[in-house]
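**Q** One structure is given below, represented as structure tokens, and several questions about it will come after.
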Amino acid sequence: MSIRLGALVERLGGQLMGDPDTEVFGIAPLDDANASHITFLSNPKLRTQASHTQAAAIILSASNSAVIGPEYRGARIVTDNPYAYFARAAQWFAAENMHPPVPGIDATAHVDASATIAATAVVGPHVTIEADAEVAEHAVIEAGCFIGRGAKIGAGTHFFARVTFHAGCEIGQRGIIHSGAVIGTDGFGFANENGAWIKIPQTGRVLIGDDVDIGANTCVDRGALADTIIEDGVKLDNQIQIGHNCHIGAHTAMAGCVGVAGSAKIGKYCTFGGAAMVLGHLTIADNVHVSSGSMVSRSILEAGQYTGFYPLAKNADWEKSAAIVRNLTSMREKIRSLEKSVQLLTKSLTDKNKE
Amino acid sequence: MSIRLGALVERLGGQLMGDPDTEVFGIAPLDDANASHITFLSNPKLRTQASHTQAAAIILSASNSAVIGPEYRGARIVTDNPYAYFARAAQWFAAENMHPPVPGIDATAHVDASATIAATAVVGPHVTIEADAEVAEHAVIEAGCFIGRGAKIGAGTHFFARVTFHAGCEIGQRGIIHSGAVIGTDGFGFANENGAWIKIPQTGRVLIGDDVDIGANTCVDRGALADTIIEDGVKLDNQIQIGHNCHIGAHTAMAGCVGVAGSAKIGKYCTFGGAAMVLGHLTIADNVHVSSGSMVSRSILEAGQYTGFYPLAKNADWEKSAAIVRNLTSMREKIRSLEKSVQLLTKSLTDKNKE
Amino acid sequence: MSIRLGALVERLGGQLMGDPDTEVFGIAPLDDANASHITFLSNPKLRTQASHTQAAAIILSASNSAVIGPEYRGARIVTDNPYAYFARAAQWFAAENMHPPVPGIDATAHVDASATIAATAVVGPHVTIEADAEVAEHAVIEAGCFIGRGAKIGAGTHFFARVTFHAGCEIGQRGIIHSGAVIGTDGFGFANENGAWIKIPQTGRVLIGDDVDIGANTCVDRGALADTIIEDGVKLDNQIQIGHNCHIGAHTAMAGCVGVAGSAKIGKYCTFGGAAMVLGHLTIADNVHVSSGSMVSRSILEAGQYTGFYPLAKNADWEKSAAIVRNLTSMREKIRSLEKSVQLLTKSLTDKNKE
Numbered sequence: 012m013s014i015r016l017g018a019l020v021e022r023l024g025g026q027l028m029g030d031p032d033t034e035v036f037g038i039a040p041l042d043d044a045n046a047s048h049i050t051f052l053s054n055p056k057l058r059t060q061a062s063h064t065q066a067a068a069i070i071l072s073a074s075n076s077a078v079i080g081p082e083y084r085g086a087r088i089v090t091d092n093p094y095a096y097f098a099r100a101a102q103w104f105a106a107e108n109m110h111p112p113v114p115g116i117d118a119t120a121h122v123d124a125s126a127t128i129a130a131t132a133v134v135g136p137h138v139t140i141e142a143d144a145e146v147a148e149h150a151v152i153e154a155g156c157f158i159g160r161g162a163k164i165g166a167g168t169h170f171f172a173r174v175t176f177h178a179g180c181e182i183g184q185r186g187i188i189h190s191g192a193v194i195g196t197d198g199f200g201f202a203n204e205n206g207a208w209i210k211i212p213q214t215g216r217v218l219i220g221d222d223v224d225i226g227a228n229t230c231v232d233r234g235a236l237a238d239t240i241i242e243d244g245v246k247l248d249n250q251i252q253i254g255h256n257c258h259i260g261a262h263t264a265m266a267g268c269v270g271v272a273g274s275a276k277i278g279k280y281c282t283f284g285g286a287a288m289v290l291g292h293l294t295i296a297d298n299v300h301v302s303s304g305s306m307v308s309r310s311i312l313e314a315g316q317y318t319g320f321y322p323l324a325k326n327a328d329w330e331k332s333a334a335i336v337r338n339l340t341s342m343r344e345k346i347r348s349l350e351k352s353v354q355l356l357t358k359s360l361t362d363k364n365k366e
Numbered sequence: 012m013s014i015r016l017g018a019l020v021e022r023l024g025g026q027l028m029g030d031p032d033t034e035v036f037g038i039a040p041l042d043d044a045n046a047s048h049i050t051f052l053s054n055p056k057l058r059t060q061a062s063h064t065q066a067a068a069i070i071l072s073a074s075n076s077a078v079i080g081p082e083y084r085g086a087r088i089v090t091d092n093p094y095a096y097f098a099r100a101a102q103w104f105a106a107e108n109m110h111p112p113v114p115g116i117d118a119t120a121h122v123d124a125s126a127t128i129a130a131t132a133v134v135g136p137h138v139t140i141e142a143d144a145e146v147a148e149h150a151v152i153e154a155g156c157f158i159g160r161g162a163k164i165g166a167g168t169h170f171f172a173r174v175t176f177h178a179g180c181e182i183g184q185r186g187i188i189h190s191g192a193v194i195g196t197d198g199f200g201f202a203n204e205n206g207a208w209i210k211i212p213q214t215g216r217v218l219i220g221d222d223v224d225i226g227a228n229t230c231v232d233r234g235a236l237a238d239t240i241i242e243d244g245v246k247l248d249n250q251i252q253i254g255h256n257c258h259i260g261a262h263t264a265m266a267g268c269v270g271v272a273g274s275a276k277i278g279k280y281c282t283f284g285g286a287a288m289v290l291g292h293l294t295i296a297d298n299v300h301v302s303s304g305s306m307v308s309r310s311i312l313e314a315g316q317y318t319g320f321y322p323l324a325k326n327a328d329w330e331k332s333a334a335i336v337r338n339l340t341s342m343r344e345k346i347r348s349l350e351k352s353v354q355l356l357t358k359s360l361t362d363k364n365k366e
Numbered sequence: 012m013s014i015r016l017g018a019l020v021e022r023l024g025g026q027l028m029g030d031p032d033t034e035v036f037g038i039a040p041l042d043d044a045n046a047s048h049i050t051f052l053s054n055p056k057l058r059t060q061a062s063h064t065q066a067a068a069i070i071l072s073a074s075n076s077a078v079i080g081p082e083y084r085g086a087r088i089v090t091d092n093p094y095a096y097f098a099r100a101a102q103w104f105a106a107e108n109m110h111p112p113v114p115g116i117d118a119t120a121h122v123d124a125s126a127t128i129a130a131t132a133v134v135g136p137h138v139t140i141e142a143d144a145e146v147a148e149h150a151v152i153e154a155g156c157f158i159g160r161g162a163k164i165g166a167g168t169h170f171f172a173r174v175t176f177h178a179g180c181e182i183g184q185r186g187i188i189h190s191g192a193v194i195g196t197d198g199f200g201f202a203n204e205n206g207a208w209i210k211i212p213q214t215g216r217v218l219i220g221d222d223v224d225i226g227a228n229t230c231v232d233r234g235a236l237a238d239t240i241i242e243d244g245v246k247l248d249n250q251i252q253i254g255h256n257c258h259i260g261a262h263t264a265m266a267g268c269v270g271v272a273g274s275a276k277i278g279k280y281c282t283f284g285g286a287a288m289v290l291g292h293l294t295i296a297d298n299v300h301v302s303s304g305s306m307v308s309r310s311i312l313e314a315g316q317y318t319g320f321y322p323l324a325k326n327a328d329w330e331k332s333a334a335i336v337r338n339l340t341s342m343r344e345k346i347r348s349l350e351k352s353v354q355l356l357t358k359s360l361t362d363k364n365k366e
């Protein structure tokens with residue numbers, strides 16, 4: 012399957028410098044590309060590499076186009092955001108190369124008679140769909156998924172194999188949920204009575220907006236009384252845990268292994284590095300960026316980047332620094348004691364000088 | 012569905028102040044409740060909010076009842092532990108509102124002829140139950156679960172969709188295992204030979220007591236030679252990893268993303284905050300509480316709260332403090348050197364004063 | 012089922028001291044073993060315990076055999092690596108005790124007509140295998156697994172129940188993938204455009220070598236354009252996340268809850284303790300060992316052990332040390348200021364002495 016450069020700019024915009032009839036058959040990185048590929052330059056450090064790419068065409072910014080070496084003789088598509096352009100071009104190639112699933116309900120699926128499955132939807136083998144659930148047009152529910160009673164799946168949303176989407180939960184349009192994810196499991200709510208735990212039923216839902224991606228084996232708990240909310244455009248990676256009653260603002264992205272405890276309210280356009288953790292009942296403002304491996308133990312009300320992890324060292328060096336960290340209060344005492352001694356000495360010497 | 016206040020106190024105890032024929036139709040938080048709801052007050056900070064709730068009835072302690080504002084004119088149920096009372100009332104409402112699953116084995120389930128399934132048990136679609144497994148009365152095994160050879164599921168225990176419960180493992184009565192959990196997978200045991208790893212077969216089981224809850228996508232490894240033990244009343248949240256041969260004492264609770272390495276022995280009535288980690292072969296006493304994000308790298312033999320995570324800061328501030336942490340030994344040297352200099356100065360000045 | 016000691020040394024090597032016709036019926040630890048068991052001694056600290064074991068036979072090294080107490084009267088198998096010998100003997104017992112799965116495709120499995128399933132392979136209930144996939148001789152695919160289009164499963168590889176193995180991915184011979192693992196899910200790749208995220212299709216594969224074990228609920232992302240590579244003999248525990256385009260060298264082992272961000276290149280013979288985290292685009296040399304709970308935030312080019320986690324303390328002590336860590340720059344300032352004062356004092360006193 013090939014795409015003409017002229018067709019690309021017609022659909023995706025950008026300024027083409029080169030022959031619109033040139034055909035490209037796929038996308039490749041600068042150093043792997045050959046004459047059948049289109050490539051892209053977004054990292055300025057790779058300009059030299061870009062000058063020597065063998066690609067038939069390159070997507071790049073005007074400023075990079077101005078300074079790229081004369082060795083490069085292929086076509087150019089000049090655009091403000093080459094990385095986003097690359098993403099859209101790659102989506103086009105991927106769509107052309109995919110095997111479109113055939114609409115319909117597999118014979119092995121177990122679909123309750125009261126569920127509503129759109130005619131263009133795909134329901135794969137061994138899927139279970141309970142009473143009153145709704146699967147909208149062009150949605151794809153792959154093999155082994157479970158959709159609980161009354162759940163709603165929006166148009167064009169795609170569940171990979173073995174997703175669990177519990178009763179009453181809802182997801183909007185064009186979403187993606189990856190394999191093993193569990194949406195709408197019970198939140199972790201118990202009352203303690205004489206040391207034993209009494210379960211608090213979790214009767215809220217998970218409500219997910221449009222264009223939300225949820226990674227493999229990620230869990231999102233249903234609310235206790237109210238709902239857990241994930242706004243439009245949120246992107247969650249794999250192995251993430253979102254507690255009950257959380258609210259995650261639009262276009263916030265979280266990398267793998269992040270954990271968010273219950274009732275945290277997270278703003279829009281935030282990012283969380285891998286394995287960052289957020290305690291419960293906190294508020295995090297818009298545009299907050301938390302580094303990987305950092306524990307957010309208090310609310311963050313100001314945009315910016317926040318970090319908190321112990322720096323890595325050779326084990327022997329860590330042993331020493333950790334021993335001092337354990338005794339920082341004694342170090343502080345020593346400094347205070349030194350300050351007093353120096354004050355006394357200074358006074359004593361000043362007095363002496365006055366003699 | 013409604014419950015009379017008189018019926019509530021008859022079943023759950025507490026002292027009713029108000030009309031026993033008042034009917035409530037659900038539970039809601041103080042600020043969301045209206046005249047159809049019962050609500051509860053357990054956090055003393057919310058007393059003012061409680062004075063203004065629109066609920067028909069409120070569950071609260073005698074001390075809070077004495078000081079709640081006169082604006083509140085609804086009924087009261089006075090009890091020693093309002094939060095536990097709320098949990099039990101909420102369980103009642105939830106039971107009334109649920110769609111009771113119909114006993115029996117779904118036609119699409121694959122159940123070995125030698126397995127024993129109680130007449131009142133529920134086995135959902137696409138479930139696999141292997142030879143000699145036992146599912147007791149009123150147990151519910153939802154869609155897509157796998158129960159291995161000889162495993163035993165106690166009375167009233169509920170597996171949500173897509174649980175894996177491996178061969179030979181056992182769980183007691185009234186347990187809950189959430190979707191995606193894997194119980195009885197092989198522990199991580201290998202012998203090293205010239206750099207390569209030789210698998211040590213994991214032939215122990217996982218033995219789980221009564222009233223245990225296990226969260227979504229949580230894993231509990233089977234023992235290597237002996238068994239992994241989880242005692243009565245333990246509550247595990249989502250995304251937790253429990254290594255082989257661990258022993259977790261009764262009524263201990265662990266929040267999401269906790270990891271416990273192999274052969275750790277954890278006491279009763281402990282709590283672990285999210286993403287806390289416990290190294291292997293450690294012993295942790297009863298009533299130990301580990302804060303979120305803390306690494307337990309040695310045994311804890313004394314009850315109490317323990318913490319260990321790097322404090323969060325603006326990234327620029329963290330960069331500075333982390334640089335110093337990396338060089339704490341040089342800071343300690345400077346302090347020692349200062350102490351020596353000050354000693355010398357003091358001596359020198361004293362000598363001078365003696366002149 | 013029993014094994015003669017003579018048969019053991021015939022197959023596994025080692026020097027037998029004792030009657031080759033002695034039969035052992037299983038393996039047990041030193042203190043649990045009775046006259047029907049064989050046991051092993053690899054930890055020198057357990058020599059005294061070994062002297063008193065009731066086992067019929069013991070696997071041990073020549074040096075330990077020389078010093079073991081005279082109380083022990085059973086047979087001995089002397090070998091260079093008793094732990095590896097134990098692993099192999101345990102494998103033999105486990106193989107004898109297992110219920111061999113019956114080759115063939117379960118009637119409830121959904122296997123595309125174009126897939127190739129070897130005659131000796133096992134395909135369990137509710138499995139889905141898509142077009143053009145290949146399952147080699149003696150492979151076992153347990154209940155509820157999903158194998159995507161064109162995926163290849165090598166000879167003797169075993170998938171436990173509910174594994175997801177996505178389209179185009181490949182695994183070699185004698186591998187094990189545990190329940191809930193997801194191989195070949197999309198990597199986390201997005202281009203940002205005005206705050207919103209545009210998905211970058213993930214079109215690479217996951218290519219896995221021979222003798223690789225992957226734990227329960229572990230995820231390995233497919234590559235973005237190139238492939239994610241896991242070399243021979245790698246062992247991954249449960250709940251691990253491996254990002255797209257990672258390359259993990261042969262015989263590297265990772266304990267539970269480890270996370271590796273995208274494009275990390277990890278050497279051979281490395282080990283990672285539980286919940287260690289590796290940032291993306293890093294390089295880690297061969298024979299690097301990372302302690303549990305440590306964040307690897309830069310490349311490691313030299314073999315050795317590396318650590319970085321905040322030491323655990325009683326919460327009250329941690330509160331104090333954490334407060335100081337937050338203010339380490341002010342502590343450093345105080346030390347600098349003290350150094351200046353001491354210099355001035357020293358100079359002043361020296362001047363005075365010169366007077």
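Residue numbers (my numbering), protein chains in the order written: chain A, 12 to 366; chain B, 12 to 366; chain C, 12 to 366.
Note that beta-carbon positions come from the ideal geometry of N, C-alpha and C, so glycine has one too.
Could you pull out every unbroken beta strand (DSSP E) segment of at least 3 residues lying fully inside the stretch 160-245 of chain B, listed in chain order?
**A** Within the stretch 160-245 of chain B, the complete beta strand (DSSP E) runs of at least 3 residues are 193-196, 201-204, 207-210, 217-219, 230-232 and 239-241.
**Q** Using DSSP bridges, identify the partner residues of A:T139.
**A** What you label residue 139 of chain A is simply residue 128 of the first sequence in a count that begins at 1. The partner list for A:T139 (beta bridge, DSSP) reads A:H121 and A:F157.
**Q** Taking the alpha-carbon positions, what's the A:A296 to A:G278 distance?
**A** For the purposes of this step, residue 296 of chain A is identified with residue 285 of the first sequence, where counting begins at 1. For the purposes of this step, residue 278 of chain A is identified with residue 267 of the first sequence, where counting begins at 1. Roughly 5 Å separates the two Cα atoms.
**Q** Taking only three categories from DSSP, how would you classify A:Q250?
**A** By one-based count along the first sequence, residue 250 of chain A stands at place 239. The answer is coil: DSSP assigns A:Q250 none of H, G, I, E or B.
**Q** Out of A:T64, A:V336, A:N75 and A:A101, point me to the one whose CA is closest to A:G85's CA.
**A** As a first step, residue 85 of chain A is located in the first sequence; it is residue number 74 there, counting from the start. Nearest C-alpha to A:G85: A:T64.
**Q** Between the beta-carbon of B:A95 and the beta-carbon of A:A202, is there less than 8 Å?
**A** Taking the first residue of the second sequence as 1, we reach residue 95 of chain B at position 84. Taking the first residue of the first sequence as 1, we reach residue 202 of chain A at position 191. Yes, these two residues count as a Cβ contact at 8 Å.
**Q** Can you say whether C:D42 is buried or exposed, counting buried as having 16 or more other CB atoms within 10 angstroms of its CB?
**A** Counting from one through the third sequence, the residue named residue 42 of chain C turns up at place 31. C:D42 should be labelled exposed.
**Q** For C:K279, which of helix, strand or coil comes out of DSSP?
**A** Within the third sequence, residue 279 of chain C is the residue found at index 268, counting from 1. C:K279: coil per DSSP, three-state reduction.
**Q** Can you confirm whether B:Y96, when its beta carbon is compared against all beta carbons of chain C, has any partner nearer than 8 Å?
**A** Within the second sequence, numbered from 1, the residue matching residue 96 of chain B stands at position 85. B:Y96 does not count as touching chain C.
**Q** Which first and last residues belong to the alpha helix (DSSP H) in which A:G17 is found?
**A** Along the first sequence, one-based indexing puts residue 17 of chain A at 6. Residues L16 to L23.
**Q** Between A:G29 and A:R87, is the Cβ-Cβ spacing less than 8 Å?
**A** Counting from one through the first sequence, the residue named residue 29 of chain A turns up at place 18. Counting from one through the first sequence, the residue named residue 87 of chain A turns up at place 76. Yes. Within cutoff.
**Q** Taking C-alpha atoms, which residue in C:C230, C:G220, C:A147 and C:I194 lies nearest to C:H262?
**A** Translated into positions along the third sequence, residue 262 of chain C becomes position 251. If we check each option's Cα against that of C:H262, C:G220 comes out closest.
**Q** Can you give me, in chain order, the residues of the stretch 309-327 of chain A that have a beta carbon less than 7 Å from any beta carbon in chain C?
**A** Listed by position along the chain: F320, Y321, P322, L323, A324, K325 and N326.
**Q** Taking 8 Å as the threshold (C-beta atoms), are C:A324 and B:Y280 in contact?
**A** Along the second sequence, one-based indexing puts residue 280 of chain B at 269. Along the third sequence, one-based indexing puts residue 324 of chain C at 313. No, the Cβ-Cβ distance between B:Y280 and C:A324 is not below 8 Å.
**Q** Tell me, please, which residues DSSP counts as bridged to A:K325.
**A** Stepping through the first sequence from its first residue, residue 325 of chain A is reached at position 314. DSSP lists C:Y317 as partners of A:K325.
**Q** When we look at the beta-carbon of A:S308 and count the other beta-carbons within 10 Å, is it buried (16 or more) or exposed?
**A** Taking the first sequence and counting its residues from 1, one reaches residue 308 of chain A at position 297. Buried, because 16 or more other Cβ atoms sit within 10 Å of the Cβ of A:S308.
**Q** Whose Cβ in chain A lies nearer than 7 Å to the Cβ of C:C230?
**A** What you label residue 230 of chain C is simply residue 219 of the third sequence in a count that begins at 1. Neighbours of C:C230 on chain A, chain order: A227, N228, N249 and Q250.
**Q** List the residues of chain A that C:T196 touches, going by C-beta distances under 9 Å, in chain order.
**A** Walking along the third sequence from the start, residue 196 of chain C turns up at place 185. The contacting residues are F171, H189, S190, G191, G226, A227, N228 and N249.
**Q** Give every residue of the same chain whose Cβ lies closer than 7 Å to the Cβ of B:S190, excluding the five residues on either side of it in the sequence, and list them in chain order.
**A** Within the second sequence, the letter at position 179 stands for residue 190 of chain B. Excluding sequence neighbours, B:S190 sits near F171, A172, R173, V174 and A227.
**Q** Take every Cβ of the stretch 263-277 of chain A, pair it with every Cβ of the stretch 243-255 of chain A, and state whether three or more of those distances are shorter than 8 Å.
**A** The stretch 263-277 of chain A is in contact with the stretch 243-255 of chain A.
**Q** Whose CA, out of A:H300, A:Y321, A:L27 and A:R15, lies closest to the CA of A:A314?
**A** As a first step, residue 314 of chain A is located in the first sequence; it is residue number 303 there, counting from the start. The shortest Cα separation from A:A314 among A:H300, A:Y321, A:L27 and A:R15 belongs to A:H300.
**Q** Identify whether C:E145 lies in helix, strand or coil by the three-state DSSP scheme.
**A** Here residue 145 of chain C is taken as the residue at index 134 of the third sequence, counted from 1. The answer is strand: DSSP assigns C:E145 an E or B state.
**Q** Does DSSP classify B:V134 as helix, strand or coil?
**A** As a position in the second sequence, residue 134 of chain B is number 123, starting the count at 1. Strand.
**Q** Determine whether the Cβ of B:S352 lies closer than 8 Å to any Cβ atom of chain C.
**A** Position 341 of the second sequence, counting from 1, holds the residue named residue 352 of chain B. It does: the Cβ of B:S352 has a partner Cβ on chain C nearer than 8 Å.
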